[in-house]
Structures are given as structure tokens and as C-alpha cells.
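> Just so we're aligned, residue 1 is where the sequence shown starts under UniProt numbering, counting upward by one.
Ideal placement from N, C-alpha and C gives every residue a C-beta, glycine not left out.
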Amino acid sequence: MATLVWDYLREYEKEREDILDAVETVFSSGRLVLGESVRAFEEEFAAYHGLAHCVGVDNGTNAIKLGLQAIGVKPGDEVITVSNTAAPTVLAIDAVGATPVFVDVRREDYLMDVEQVEAAITPRTTCILPVHLYGQCVDMAPLERIAAEHGLSIFEDCAQAHGARHHGRLAGTMGKAAAFSFYPTKVLGAYGDGGATVTSDDQVEQNLRRLRYYGMDKVYYVVETPGHNSRLDEVHAEILRRKLRRLDSYIAGRRAVAERYAEGLGDTDLVLPALAEGNDHVYYVYVVRHPRRDDIIEALKAYDIHLNISYPWPVHTMTGFAHLGYEKGRLPVTEELAQEIFSLPMYPSLDPGVQDKVISAVREVLDSL
């Protein structure tokens, strides 16, 4: 059997009874859309973060898009973010009609280089969008100072950072609002697409609820402002309720996998993940780095190990964003990383024997280079 970066089947085997009970709970409830399961999950996810509100939506991309709209980002605005991220981060900014403005990332941990943010601010800037990437948080204290000094909002992309902490504060609690994805691979994943936006701002929450339901508010079938059809599914919400209770155990499992990699590969010339100061890493993915990345990935296929790259093409280099005018070399660290980073298998149900196979194969391939 092939070794993949992510595989949910072992987890499903362990949790099957609870997952199927969640499905039965919804199907027998008599309510399939925006029912008790969505309401309860929203309350429980907000409570986990110590926030007042959570609004469930259909996917992580719309959690960002609707969240940006809800905090007041509008066409013509500029939003400062990074290019070393999944394309949906930037697609959501574009979908609002705003312009993404990229700063580079730090070479040591691949996170937003906050020292570059202030120079990127213009009169059109209204929001800073830090991406808590790969399972750990951006350096938020200086970012918060910059935002306060310039009257900007902070909107956190937490799609890869469920349960991550920065100096004790949970990802998603350090801005005006934050977006989460519940895509199946995530630290907290549904059995299909799902997302949510969290906030403690009452007006933002009201805007979100209206935006996710066509733009309707208190009177159904009356659109107050144009909105969307973007609702978290009841079945996914009920599954997420059950899995939220196990989130801390998932994180512990991921950290154990990360420790095993560190022990098995720490003496090689592979660059392993660096833990940024003040962070508690949740290891959504285990991103390593090597100048001969492509050769390593190709050689590992002979061991039936198939790896992933997060991400091989920085967003600013994609043809879909050529209109932004970023020439090659504009974000040198981001572009360098894209040639060297790749991910080893990482999920809490990863069998230690399978992981040992990966470690052994990687060591053999490195020795052969």
C-alpha cells in the first residue's frame, strides 16, 4: 500500500461508530439545513476560542471572503498578505474586489515577515491578512501595533492552525475576525468541505449571518444587501462537534509524529521545521527543505512513498495573478522556498511503523545524493 502525505481511513476506522452516529443524528432530526447541529457547533467552536461568535459556512475560501466583506473590506481596497500560501487566501481577497499586496516571508519559519508590512501600506490599505501557515502563528504583537497605528483591521487566516497558540493566545483570537477551513485534511477536518468565521464583534457577526444567507436578515425572501448561499452543512457540523472534543488529542498526535521525525532525521542535511518564538505548533503539515527537493521526491516513489509540496508555485507567479505585476525576484525568500520545500506524511493516525519506513527511505535517499 502506498504511503501518502495524508490518509483518513485509519482515523475513520477508529472513529467510525461516532461518525455514523453523527450522520444518523442529523438524518433523524427532521432538519437538514441550518439546524441544531450547526447552531451547536457554532456555539462550541466559539467557546473553544473564548470568542462570542462563530458563523459556519460552506468552505474555508468563503470563510475568508465573507469575513473580509463583513469587516468592511470593499472593492478598491488593498489587503496585505503573503504569496507563500494556498491560492484560496488570495482568491478570496480578489473575490471581494480588493487588491492583494504581498510581503515576503521569513526564511527560518516561512511565515509573514512582519518587518516588511509597514512599507507596504498605502492610502488604500484597509486590512492585514496574516496566514498562520503549516500549523504555527505569525508574530502578532508587532503586527497588532502596526495595525493600530495605521487604523487597519487584522483578519487571520487560520485554515492550517486550529488549536495553535502564540504566546498563549489561540490562532483566531488576535484580529477583528478570523477564518477556518474544515477541509478533511485539516487539523480539525469534516468529511467534506466546510468553514467558519469567528469574531467577538457583534456587527461583524450580524453581517456574516446575512451574507451567508443570500443577504437576508430577519425577513426570509427579502434581500437587504446582496449576499451568498454559503451555509455549513448539518452533517458536517455534527461530525465537527464530535471531532472538536478530540481536537487536543489530534494535536498531541501530530506533535508526537513531529517529534519522531526530529529524532529520526535531525542529524541529516534536511532542514526540519523551525518553531518560532512563543509558538505552540500543531503541525498541520510537516514541511522540510532541501536544495535537491525534486530528486528526493522522485527517488522516494521507488519506495512507494508519494509526497506533496506546499506550495510549488507562489501565488504572485501564477498566470491568474499576472495582472498584479509582480516580477520574478520580487519576493526572493518565497521564490527560493518554492524550489526546496516539501511535506512528509503528517496526520495523527499515522502508524509509527509506516513513519519509520518513511524515515528510513528518506535517509537512504539522502545518502545516495
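Measuring straight from C-alpha to C-alpha, what distance separates residue 69 and residue 96?
7 Å
> For residue 79, which residues does DSSP report across the bridge?
100 and 127
> Suppose you measure from the CA of residue 182 to the CA of residue 139; what does that come to, to the nearest Å?
24 Å
> Could you tell me the boundaries of the beta strand (DSSP E) in which residue 180 lies?
177-181
> The beta strand (DSSP E) spanning residue 324 covers which residue range?
Neither: residue 324 is in no beta strand (DSSP E) and is coded neither H nor E.
> Suppose the cutoff is 8 Å on Cβ atoms and the five residues either side in sequence are ignored; what does the same chain contact list for residue 247 look like?
48, 162, 163, 187 and 188
> Mind checking residue 100: buried by the 16 CB within 10 Å criterion, or exposed?
buried
> On the three-state DSSP scale, how would you describe residue 199?
strand
> Looking only at C-alpha atoms, which of 128, 194 and 362 sits nearest to residue 262?
362
> Give me, in chain order, the residues of the same chain whose beta-carbon lies closer than 7 Å to that of residue 55; leave out the 5 immediate sequence neighbours on both sides.
42, 196, 197, 205, 208, 209 and 212
> With a cut-off of 8 Å, do at least 3 Cβ pairs link the segment 58-68 to the segment 277-291?
Contact fails: fewer than three Cβ-Cβ distances are below 8 Å.
> Between which two residues does the beta strand (DSSP E) holding residue 286 run?
Its beta strand (DSSP E) spans residues 286-289.
> By Cβ distance below 7 Å, which residues in the same chain neighbour residue 167 in space, the five residues on each side in sequence not counted?
278
> Please state the DSSP three-state secondary structure of residue 283.
In this structure, residue 283 counts as coil in the three-state DSSP scheme.
> For residue 178, which residues of its own chain have a beta-carbon under 6 Å away from its beta-carbon, when the five flanking residues on both sides are left out?
156, 158, 172 and 198
> Taking the beta carbon of residue 30 as the centre, do at least 16 other beta carbons fall within 10 Å, making it buried, or is it exposed?
exposed
> Is it a yes or a no for the segment 217-228 touching the segment 311-319, going by three-plus beta-carbon pairs under 8 Å?
Counting Cβ pairs under 8 Å, fewer than three are found: no touch.
> Here's the rule I'm using: 16 or more other beta-carbon atoms within 10 Å means buried, otherwise exposed. How should residue 3 be labelled?
buried
> Whole angstroms are fine: how far does the CA of residue 339 sit from the CA of residue 234?
Straight-line Cα distance between these residues: approximately 41 Å.
> With the cut-off set at 7 Å, would you say residue 87 and residue 315 are in Cβ contact?
yes
> Let's see if you can read the secondary structure: which residues bound the alpha helix (DSSP H) around residue 162?
It is not in any alpha helix (DSSP H) - residue 162 carries neither H nor E in the DSSP assignment.
> To the nearest angstrom, how far is the alpha carbon of residue 193 from that of residue 8?
Cα to Cα, the separation comes out at about 15 Å.
> If we count the other Cβ atoms within 10 Å of its Cβ and call it buried at 16 or more, is residue 27 buried or exposed?
exposed
> Whole angstroms are fine: how far does the CA of residue 365 sit from the CA of residue 267?
14 Å
> Give the range of the alpha helix (DSSP H) segment to which residue 316 is assigned.
Careful: residue 316 lies outside any alpha helix (DSSP H) and carries neither H nor E.
> Return the residue from the list 265, 91 and 307 that minimises the CA-CA distance to residue 342.
307
> Under three-state DSSP, which class holds residue 309?
coil
> Could you tell me which residues DSSP puts in a beta bridge with residue 27?
Residue 27 pairs with nothing; no bridge assigned.
> Just how far apart, CA to CA, sit residue 344 and residue 313?
For residue 344 and residue 313, the distance between alpha carbons rounds to 18 Å.
> Are the CB atoms of residue 77 and residue 98 within a distance shorter than 7 Å?
yes
> Using 10 angstroms around the beta-carbon of residue 136, count the other beta-carbons present and answer buried if the total reaches 16, otherwise exposed.
buried
> Less than 7 Å between the C-beta atoms of residue 370 and residue 116, yes or no?
Any question about residue 370 goes unanswered here, given that the chain covers just 1 to 369.
> In whole angstroms, what is the alpha-carbon distance linking residue 110 and residue 185?
20 Å
> Pull up the distance between the alpha-carbon of residue 154 and that of residue 201, whole angstroms please.
If I take the Cα positions, the gap works out to 13 Å.
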